[in-house]
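With my numbering as the guide, the letters of the sequence shown map in order to residues 1 to 240. Heads up, the beta-carbon is just placed ideally off N, CA and C, and yes, glycines get one too. No experiment lies behind these values; they were computed from the predicted model shown. Working notes, structure below.
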Amino acid sequence: MIKRIVISGFLIGSLSACEGMNTAGMVNAASSLFQAASISDTEIQTLAVRSQQELDQQNTIAGSNNSYTVRLNKITRNLKSYNGQALDYKVYLNQEVNAFALPNGSIRVYSGLMDKMTDPELLFVIGHEIGHVMNGHSKSQARTNLLTLAARQAGAASGNSIVASLSGNEIGTLAHNLVNAQYSQSHELDADSFGLKVLQENNYDKSHAVSALRKLGGGGGGFFSTHPDSAKRADRIEKM
1 MIKRIVISGF
11 LIGSLSACEG
21 MNTAGMVNAA
31 SSLFQAASIS
41 DTEIQTLAVR
51 SQQELDQQNT
61 IAGSNNSYTV
71 RLNKITRNLK
81 SYNGQALDYK
91 VYLNQEVNAF
101 ALPNGSIRVY
111 SGLMDKMTDP
121 ELLFVIGHEI
131 GHVMNGHSKS
141 QARTNLLTLA
151 ARQAGAASGN
161 SIVASLSGNE
171 IGTLAHNLVN
181 AQYSQSHELD
191 ADSFGLKVLQ
201 ENNYDKSHAV
211 SALRKLGGGG
221 GGFFSTHPDS
231 AKRADRIEKM
């Protein structure tokens, strides 16, 4: 409660100090920021669904009979849900080496990543992404991005859900940011540990996690840029 009062109080208090600025716009911006700071888990899930729909429309999804989909279904056959969280998988036919997870359990794997990985290595990467969902990392990223947007936004009407008020362009921006989320080092290490746990639950040893991270340590865009220090993380798992 104190945090919310400070955030809103700071913005509203700034109105009197900024002569010539659009007061109504700044009041609305303060309202938007307050709404983002107090956003519910249900609204986060709504944002995740809208982001998923936007991203799925922007990308070419492998069909149910496509070899990539058949392979992914085989790899994830024991991971249709995890501790009550439903998981939804699709393959983007894109040569970028990437994968991401949204707070609602939507996991998207790029064909470029699948071309680079063996099945156990891919299982580790998918487990890593599930870890971001189960540990609340992806939810935190969504909330942070909403706060950033709300701080710049002057158009949301007071009393309305900020998620419901988002335009298509704003959803597109947020979706892009979630795909390219930069997690903290501690979040990455936690997700690595979760991925290793998923490997072991499926009767694979840690060598597949190590080899996956070493492959991802080569640099470049996509997964490389959003998951840095892969080589060091491989060393960490090797010593476990």
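* For Asp-88, which beta-bridge partners are listed by DSSP? -> Ser-106
* Asked: What is the DSSP secondary structure of Tyr-82, counted as helix, strand or coil?
  -> strand
* To do: Compute the Euclidean distance between the alpha carbons of Val-210 and Glu-188, then round it to the nearest angstrom.
  => 14 Å
* To do: Report yes or no: do three or more beta-carbon pairs, one from the region 37–54 and one from the region 64–72, lie closer than 8 Å?
  => no
* Give the DSSP-derived three-state secondary structure of Ile-61 in the structure shown. => strand
* To do: Check Ala-181 in the structure and name its three-state DSSP category.
  => coil
* Would you list the one or two residues that DSSP bridges to Phe-100? => Arg-108
* To do: Please report how far the alpha carbon of Gly-137 lies from the alpha carbon of Asp-41, in whole angstroms.
  => The sequence shown places His at residue 137, not Gly. Taking the straight line from one Cα to the other gives about 13 Å.
* Asked: Which residues bound the alpha helix (DSSP H) around Met-134?
  -> 119–134
* Asked: chain B beta carbons: is any one of them nearer than 9 Å to that of Glu-96?
  -> The structure shown contains no chain B; it holds only a single protein chain.
* DSSP three-state call for Thr-148: helix, strand or coil? -> helix
* Could you give the residue range of the alpha helix (DSSP H) that holds Thr-69? -> 67–75
* Asked: Ordered along the chain, which non-local residues of its own chain (more than five positions away) have a Cβ less than 6 Å from that of Val-179?
  -> Phe-100
* Cβ-based burial, Gly-168 [other Cβ within 10 Å; buried from 16] -> exposed
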